[in-house]
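Heads up: the structure comes next, in structure tokens.
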Amino acid sequence: MATDGQFEYESILCVKPEVNVYRIPPRTSNRAIRAADWKLDAPDWTGRMRVTARGKVAYVKLEDKVSGELFAQAPVDEYPGVAVETVSDSSRYFVLRIMDDNGRTAFIGIGFGDRSDAFDFNVALQDHFKWVKQETEFSKQAQAPDSTPKLDLGFKEGQTITLNIGVLFIFIEFHSTSVV
């Protein structure tokens, strides 16, 4: 895939060998999502998670541990956002908006057995979108000419400058002593 004459490459931001997937109940209100409402003791699927980036979009890919076959994928355009949401009652669980090849979406819950895995997942997404923000600012600065007034520090026609440099004379007297 190419944009602006440059090739986009896919980089791996984070790999976690074990992630649990849960069916989540539909939202009934604007109330925050709680992992306690899921069947945490019986995950619907368990596999590997890879977070990759291609250009400005990150992808959360859920894959089979053994074969590497793709189970589900969630394109993430911004974080925090709709594609990845945290739950209100735990730092180890998230809601993903997965999307199939036809553009249909569904919401699933994912959870990590260890809090540090959830932290790594969170930081990988934050770092990627921090980079995206910096790239956007750099490209805006490169496209927009510098609007600050320019200082003309050159000499004008006929302008002179006088420098008074005080010269310090050091007088050193050498005495030779001869031994006869």
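Positions in the sequence shown are counted from 1; adding 14 to them yields this note's numbering. Backbone N, C-alpha and C fix where the C-beta goes; we use that ideal spot for every residue, glycine too.
Contact between the region 172-181 and the region 120-128 is absent: fewer than three C-beta pairs spanning the two stretches fall below 8 Å. Ala49 is a Cβ neighbour of Tyr107, given a cutoff of 7 Å. DSSP, read as helix, strand or coil, puts Arg45 in coil.
Leu84 counts as exposed, since fewer than 16 other C-beta atoms from the protein chains shown sit within 10 angstroms of its C-beta. With the rule of 3 Cβ pairs closer than 8 Å, the region 94-103 counts as touching the region 46-60. Lys30 sits buried, since 16 or more C-beta atoms from the chains shown fall within 10 Å of its C-beta.
Beta-bridge pairing by DSSP links Thr150 to no other residue. Under the 8 Å Cβ criterion, the region 56-65 counts as touching the region 24-40, having at least three qualifying pairs. Counting only runs of 3+ residues, the beta strand (DSSP E) found wholly inside the region 81-107 occupies 84-90, 98-100, in chain order.
Val137 is classed as exposed because its beta carbon has fewer than 16 other beta carbons within 10 Å across all chains shown.
For the set Thr42, Asp115, Gly69, Asp55, the Cα lying nearest the Cα of Tyr23 is the one of Gly69. Judged by DSSP in its simplified three-state form, Lys144 adopts helix. In the structure shown, the three-state DSSP call for Ala120 is strand.
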